[in-house]
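Some notes on the structure that comes next.
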Amino acid sequence: MMKGVKRVLEGRRLLVLAGDVMPLVSPLSVIAPSEDTSGLFLGEDDRGRRIFLNPERLPNMHGVIVGSTGVGKSTLARHLILEARQLGIRSWVIDPHGEEAYARLFHKTVVFTKDKVDVLHAPGWDALEYASELGRYVERIYGFRGARNMIRNVIASCIRHGGLEPLRELSDLDPDIKRLYDDLTSIHGEGEKIEELARRNAYFTLPLMTSRELAALAIQVLLLLLQGFMRSQGARHRLELLIILEEAHVLSPYLLSLFKEVRKWGYSIVAVSQLPREFDPRIFQLAGFVLALSGPESYVRDIEAIFFVTGDERDHILYSPRGTALFFRQGDPRPRKIFLKLRAEAFS
């Protein structure tokens, strides 16, 4: 009888629904993207394969580094800078705390309030668009609830006048606006234009005892100016400028907006912070890559709340020594368990 059935079925095309067939493999067994063989070298995975970070090949060039205190986040960031230079990629570091190990890597240092930046010269932005974006973040930074439109209009007026005089006039009537005026005055001046800064390696920092609001404002203005300039150069997939942003959780709302941009503008912001919970969770969904270094159980639970990780992957970073990390790439179903191989110069 079976031979008869076999003869009937031979030569026929048999179609079945996937749900009617016993699964032979796990649903998680998705074909992963091919391994990058070029880019920024990170180290080796648990199988001994060399692992590279190539932002150009990811849907989003921007990424995140997280890890508890003392596990080597800044050392890894310095390694990425050195790797980028080897490939002819320029780099910035924006570091509110002024870490000497970063400063030694750069010939150009910009100390906000001491070195001025022209905050009203915003290539790539329409004046009202730039004023609106800046107003949105000023409202958050200073707690000016409901003042976005007013701030937008006065900043647009400053751009048209080529100076901060319209804001000064308003500051005479409102002590809160005076604080914003004083902070903008401390960073604005006849300094280098954003297009000049974008074409060189540079280290940006702030003096000690700078207020949290001034630090956030200075960094926010710089990144908005850069965003406009890079957009004005047109979309491109080649990575031209790598930016390390320390204490990045301070600008979480801006990073979320930036990470949502689909088009690539030739630069990558790597946001560095300690705790994943300090970011909007959507940032991790949008980031092109995430490097999660080791940490204690509470930190690892934060990672588990954002990503699906197996017990083996969890144990890879739980209370692990420096140099271990999980490497998540957008579009890759599983993280890589890696052992970082960092340049010696990154430790100095």
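For the record, in the sequence shown the residue sitting at position 7 is 7 according to full-length UniProt numbering, with numbers rising by one throughout.
For every residue, glycine included, the Cβ atom is placed at its ideal position computed from N, Cα and C.
- In terms of Cβ geometry, Gly135 and Ile159 do not form a close pair [threshold 8 angstroms].
- Counting only runs of at least 3 residues, the UniProt domain "Helicase HerA central" (48–128) fully encloses the following beta strand (DSSP E) elements, listed from N- to C-terminal order: 50–53, 63–66, 90–95, 109–111.
- Taking every protein chain shown into account, the CB of Gly266 has 16 or more other CB atoms within 10 angstroms, so this residue is buried.
- In the structure shown, Ser268 adopts extended strand secondary structure according to DSSP, grouped into three states.
- In this structure Ser211 is exposed. Its beta-carbon is surrounded by fewer than 16 other beta-carbon atoms within 10 angstroms.
- The bridge partners DSSP lists for Asp45 are Ile338.
- Beyond the five residues adjoining it in sequence on each side, Glu345 comes within less than 7 angstroms, by CB distance, of Leu82 in the same chain, given in chain order.
- Residue environment: Ser171 is assigned as buried (16 or more neighbouring CB atoms within 10 Å of its CB, all protein chains considered).
- The Cβ atoms of Asp183 and Glu213 sit closer than 8 angstroms to each other.
- In the structure shown, Ser257 adopts helical secondary structure according to DSSP, grouped into three states.
- Rounded to whole angstroms, the separation of the alpha carbons of His62 and Leu241 is 11 angstroms.
- Between Ala77 and Ile244 a beta carbon distance of about 4 angstroms is seen, short of the 8 angstroms cut, so the two are scored as contacting.
- If you compare the alpha carbons of Asn153, Ala198, Phe41 with that of Gln227, the shortest gap goes to Ala198.
- Contact annotation: the stretch 308–315 does not touch the stretch 267–282, with fewer than three C-beta pairs closer than 8 angstroms.
- DSSP, read as helix, strand or coil, puts Arg168 in helix.
- Under the DSSP assignment, Val290 falls outside any alpha helix (DSSP H), being part of the beta strand (DSSP E) whose first and last residues are 289–293.
- Here Glu246 is actually not in contact with Asp115; their C-beta atoms are around 18 angstroms apart, not less than 8 angstroms.
- The residue among Glu304, Arg85, Arg236 with its C-alpha nearest the C-alpha of Pro296 is Glu304.
- By the CB criterion at 8 angstroms, His97 and Ile194 fall outside the cutoff.
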